[in-house]
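Here's the structure, in structure tokens; my notes come after.
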Amino acid sequence: MRSIKILERVLATIPIMFGVAIIVFFFIRLTPGDPVDIMMGQGGAISAGELDRLREEFHLNEPLHIQLWYFLRDAARGDLGYSYVLKQPVTSLIAERLPATIELAVGALLFSLVIALPIGVISAVRQNSWLDRLSMSTAFLGISMPGFWLGIILILLFSVQLRWLPVQGRISLGTGFQERTGYFVLDSLLTGNFAALKSSLLHLVLPSITLGAPVAAVIARVLRSSMLETLRSDYVTLARSKGVAESWVVIKHALRNAMIPTITVVGLQVGILLGGNMVIETVFGWPGLGRMVVKAIFDRDFPLIQGTVMIYAFTFVMANLIVDVLYTYLNPRIRMQ
Amino acid sequence: MARFNYRIITVLLLITFVFSACAPSTPSTPVVSATSVAPTAEQASGTIVIALAAAPVSLDPADHRSRESETVIRNMFDGLVTRDATNGVHLELAESMDWADEQTLNIELREGVKFHDGTEMTADDVVFTFERIINENQIEYPEAHTSPRKGLIAPLESIEKTGDYSVTMHFSGPWPPAMQLLVHQQIVPKAYIEEVGTEGFIAKPIGTGPFRFVSAQPGFEEVVLERFEDYYGGSPELTPVGKACAGQVVFRVIPEASTRVSALLAGEVDIITNVPQDLIETLSANENVQVKTAAGTQPKWIELNVNMAPFDDVNVRKALNYAVDKDLIIEQIYGGRAVALPGPLSPYNSFVNKSLSPYPYDTDMALDLLSQAGWADTDGDSILDKDGQPFAMTIDTLEEWRSLAEAVADMYRAIGIDANVRFWEYSVVRDQLLAGERQAYLDDWGDSAFDPVGHFEAKWHGFVADTPFGRGNFSTYNNERVNELIEQGETTGDTAARQAIYDEAQQIVYDEAPAVFLILPEEVEAASASITNWTPASDSRENMHDVCKTE
Chain A
-13 MRSIKILERV LATIPIMFGV AIIVFFFIRL TPGDPVDIMM GQGGAISAGE
37 LDRLREEFHL NEPLHIQLWY FLRDAARGDL GYSYVLKQPV TSLIAERLPA
87 TIELAVGALL FSLVIALPIG VISAVRQNSW LDRLSMSTAF LGISMPGFWL
137 GIILILLFSV QLRWLPVQGR ISLGTGFQER TGYFVLDSLL TGNFAALKSS
187 LLHLVLPSIT LGAPVAAVIA RVLRSSMLET LRSDYVTLAR SKGVAESWVV
237 IKHALRNAMI PTITVVGLQV GILLGGNMVI ETVFGWPGLG RMVVKAIFDR
287 DFPLIQGTVM IYAFTFVMAN LIVDVLYTYL NPRIRMQ
Chain B
216 MARFNYRIIT VLLLITFVFS ACAPSTPSTP VVSATSVAPT AEQASGTIVI
266 ALAAAPVSLD PADHRSRESE TVIRNMFDGL VTRDATNGVH LELAESMDWA
316 DEQTLNIELR EGVKFHDGTE MTADDVVFTF ERIINENQIE YPEAHTSPRK
366 GLIAPLESIE KTGDYSVTMH FSGPWPPAMQ LLVHQQIVPK AYIEEVGTEG
416 FIAKPIGTGP FRFVSAQPGF EEVVLERFED YYGGSPELTP VGKACAGQVV
466 FRVIPEASTR VSALLAGEVD IITNVPQDLI ETLSANENVQ VKTAAGTQPK
516 WIELNVNMAP FDDVNVRKAL NYAVDKDLII EQIYGGRAVA LPGPLSPYNS
566 FVNKSLSPYP YDTDMALDLL SQAGWADTDG DSILDKDGQP FAMTIDTLEE
616 WRSLAEAVAD MYRAIGIDAN VRFWEYSVVR DQLLAGERQA YLDDWGDSAF
666 DPVGHFEAKW HGFVADTPFG RGNFSTYNNE RVNELIEQGE TTGDTAARQA
716 IYDEAQQIVY DEAPAVFLIL PEEVEAASAS ITNWTPASDS RENMHDVCKT
766 E
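So the sequence lines, in the order shown, correspond to chains A and B. Residue numbering for the first sequence follows my numbering, starting at -13 and increasing by one per position. Residue numbering for the second sequence follows my numbering, starting at 216 and increasing by one per position.
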């Protein structure tokens, strides 16, 4: 029964993706700016007819509905076209960049969970204590602080002043790193290269903290409030009155139920971690999808924007789907329905 | 199933507790190890790391229109000619170049020049290189298309081999800027590209330059090159001649300016480009850093819509030129690293009119001209008015010129013009500018070939759709005599005659002032103190051939 439901949800992503594709297609073409003009830049001369030839090559001289037809026809075959500027298939450009973005998102998620789970639980258990107040005001700061600013401050402190961590990039030169999958930490492990492993992990630290800080703050606040709610519920009081140890009450009875709203938030944040990292990728020179799509937008590189936005949409849809599936494990009542 | 639930929770908690136990030590754990990994490995073997502000789009010399691509490409590929750090053109792969007549160029090639795969460069490679650019649909990957660099050498009609080491180029007419623009085309290996195709060539580019390709990260976020031991030495006119000094050169993309500066201060990179004005002082104060400048190629001006009131009156346009204190701007905003524009061409352009000098700062003259145009403060509100209408203007510009635009607007307000600034994205505002819908626009127009072609006709010739003429003309200026002179200038081979033509054109544009001629900022770059023989180039190229690093 459950697998049928999951299958239904997976199939439901098809019309969603189709809708996203159409909306993105029209929105980017309605934005003012001609990709060919931008591509040719200022310097040097342009021969007469050269611009027309390029428009023809990109099918930009055709009416919009014909362009849409070309796009959908090719997309159905898994061909997202090729980038006007980078002159490479969009699918391979995305495939090249995606591992960097995922690796950073995983780093940031791990950081945020490591920070947020204990803080959320402890703040709830010790409500109104100095620890609670301190962690909640830090969380507030974490949400309010612009990632750009935090990133620069961390770089100035840990990289320029203390020289503890690298400023930017994914790995240092001279580690003998060999790329296999594009996930540098994984590749270093696979090849048994510990210098590369150390370097790639160190490079992850500052961007993960910068990207993960606001996420950690959100998770900690949600977890705290749902923990407070469950800690006051009857079954927790019952467990306590039966003489169950307090730590066991917190972990088994309260945390488990408080995890349901928390997981929803984490699921949404995963989408944000993957899709909202343009600024962090720019600050840390992290060669991921976010930076590529920002450049593509300025270049009006239609196929590349379209392909990347569809990947983002797909990630959001999938993150939500996974959250729904996780629910059924955490809460038997949802499973019954 | 219930047991499974427990398992998830237990694992989650375990992870949480394990990590939280580690949490206090997280900042200190990497500390010890970091110092041994990050910066030192890069400095090990004569490796020079250059931080670029944007990624190259391709490493195929025929398939891009970007300065960053050319910066990397020209370290791997040499051309028939090259340019020094200013605007001098020197023979590189060509041993001699002689014009048989105004349309025919005979070229003798240097013998014994090797590509990075050991094969010798011959006339076949040169013919192949240029035919790949000028003929249609020669680049077959990922879909057949014509080189975007064709326009840079548009008058070239054909090229023929006249010997193993000699070729002849045939042009459609006299083309005075040929030498400056040939700098931007690099020779590629015919046999190799025919064997591996464009896709294989991009994956492992091979040229005749001082460095050979080692590896590249996706999107060219990092390109690693190593010294080519069989290099012929480069242009004999540019010393030192010989192999490159550095063993390895790495181009790395760091888009954010403050991160680039941090990386230089932390010793992760050796040279950074596009140093922002506000960080120059910080860098100059550091004894481990050297800051250098090169003559700029991006003149800035405010184009005034000559068909829209009040800028349809030449007195108003001239008044706005007199009302700007360019020296104050250069001193305060650019720290002295800029020059005032003497007119419509950069002072470094080979054909600048030397008799012109920048409009002086003279508010009395400005007010006098404005009153001649009928503008005076009749109601005592400190804003000039005419026929009951206040003098209001909006300077449209891009975010990156914010401080410059705001300074100018402030100077205009000081003489009674209600000026304000509005910010745009270039691709959005461009169509409105060409359609004559905007009033005043502050921006620049690149002049890296130091020749009026590619620059003068784009800005000051009347707009003609689908031609280079007026394609960047945002003032809707259209003077028949200027148009005529520009067309003559592009086909006159004789230098003195050409100078006379452009002198007259510049004088007319200067007098009619379709723009407020502002300033030309210098290009600012910085390097660590251990870098020697390094000179930033005006065309933003990082020529690494002579650059060394002392350990």
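Cβ coordinates follow ideal geometry from the N, Cα and C atoms, glycine included. Given the structure is predicted, the values throughout are model-derived calculations rather than measurements.
CB contact flag (residue i, residue j, <7 angstroms)
i	j	result
residue 490 of chain B	residue 296 of chain B	no
residue 469 of chain B	residue 266 of chain B	yes
residue 390 of chain B	residue 559 of chain B	no
residue 605 of chain B	residue 556 of chain B	no
residue 276 of chain B	residue 401 of chain B	yes
residue 708 of chain B	residue 317 of chain B	yes
residue 193 of chain A	residue 272 of chain A	yes
residue 475 of chain B	residue 437 of chain B	no
residue 443 of chain B	residue 331 of chain B	yes
residue 168 of chain A	residue 75 of chain A	no
residue 289 of chain B	residue 308 of chain B	no
residue 384 of chain B	residue 367 of chain B	no
residue 611 of chain B	residue 656 of chain B	yes
residue -5 of chain A	residue 307 of chain A	yes
residue 235 of chain A	residue 226 of chain A	yes
residue 301 of chain A	residue 257 of chain A	yes
residue 457 of chain B	residue 448 of chain B	yes
residue 300 of chain B	residue 283 of chain B	no
residue 581 of chain B	residue 538 of chain B	yes
residue 471 of chain B	residue 268 of chain A	yes
residue 264 of chain B	residue 398 of chain B	no
Residues that residue i contacts on chain B, provided the C-beta gap is smaller than 7 angstroms
i	result
residue 145 of chain A	477, 481
residue -9 of chain A	Near residue -9 of chain A there are no residues of chain B at all, since even the closest Cβ is about 15 angstroms away, more than 7 angstroms.
residue 142 of chain A	477
Which residues DSSP lists as bridging residue i, in chain order
i	result
residue 656 of chain B	B:518, B:611
residue 320 of chain B	B:314, B:384
residue 294 of chain B	B:401
residue 374 of chain B	B:384
residue 364 of chain B	In the DSSP output, where bridge partners are listed per residue, residue 364 of chain B has none listed.
residue 604 of chain B	B:601
residue 505 of chain B	B:742
residue 492 of chain B	In DSSP, residue 492 of chain B forms no bridge with anything.
is_contact[residue i, chain A] using C-beta, thresh 7 angstroms
i	result
residue 642 of chain B	yes
residue 385 of chain B	no
residue 766 of chain B	no
residue 736 of chain B	no
residue 366 of chain B	yes
residue 760 of chain B	no
residue 436 of chain B	yes
residue 763 of chain B	no
residue 757 of chain B	no
residue 257 of chain B	With a pLDDT of 36 at residue 257 of chain B, under the threshold of 50, the modelled position of that residue is not reliable, and the figure given next carries that caveat. Answer yes: the Cβ-Cβ gap between residue 257 of chain B and chain A drops below 7 angstroms somewhere.
Cβ of residue i within 7 angstroms of any chain B Cβ
i	result
residue 217 of chain A	no
residue 111 of chain A	no
residue 205 of chain A	no
residue 164 of chain A	no
residue 30 of chain A	Confidence in residue 30 of chain A is poor, its pLDDT being 47 and thus under 50, which makes the residue's placement unreliable; the coordinate value appears in the next sentence. Closer than 7 angstroms to some Cβ of chain B, the Cβ of residue 30 of chain A qualifies, so yes.
residue 175 of chain A	no
residue 138 of chain A	yes
Short CB-CB distance (under 7 angstroms) between residue i and chain D
i	result
residue 433 of chain B	Protein chains in the displayed structure are A and B, and chain D is not among them.
Listed by chain order, chain A residues near residue i by CB distance under 7 angstroms
i	result
residue 358 of chain B	68
Neighbouring residues, chain A, relative to residue i (Cβ below 8 angstroms)
i	result
residue 465 of chain B	159
residue 301 of chain B	Near residue 301 of chain B there are no residues of chain A at all, since even the closest Cβ is about 17 angstroms away, more than 8 angstroms.
Contacts that residue i makes with chain A (C-beta to C-beta distance below 9 angstroms)
i	result
residue 645 of chain B	18, 19, 20, 23, 24
Interface partners of residue i on chain B, CB under 9 angstroms
i	result
residue 307 of chain A	Result: empty, since nearest Cβ-Cβ is about 18 angstroms, beyond 9 angstroms.
Item to check | Proximal residues, the stretch 469 to 492 of chain B versus chain A, C-beta separation under 7 angstroms | outcome: 469, 470, 471, 473, 474, 477, 478, 480, 481, 483
Next on the checklist: Can you pull out the residues from the stretch 268 to 284 of chain B whose beta carbon lies closer than 9 angstroms to at least one beta carbon of chain A?
Outcome noted: 269, 270, 272, 273, 275, 278, 279, 280, 281, 282
Checklist entry - Between the stretch 547 to 564 of chain B and chain A, which residues of the former have a C-beta closer than 8 angstroms to a C-beta of the latter? => result none
Item to check | Positions along the stretch 667 to 682 of chain B whose CB lies within less than 7 angstroms of some CB in chain A | outcome: 668, 669, 681, 682
Next on the checklist: Which residues of the stretch 576 to 592 of chain B have a Cβ closer than 8 angstroms to any Cβ of chain A? Give them in chain order.
Outcome noted: none
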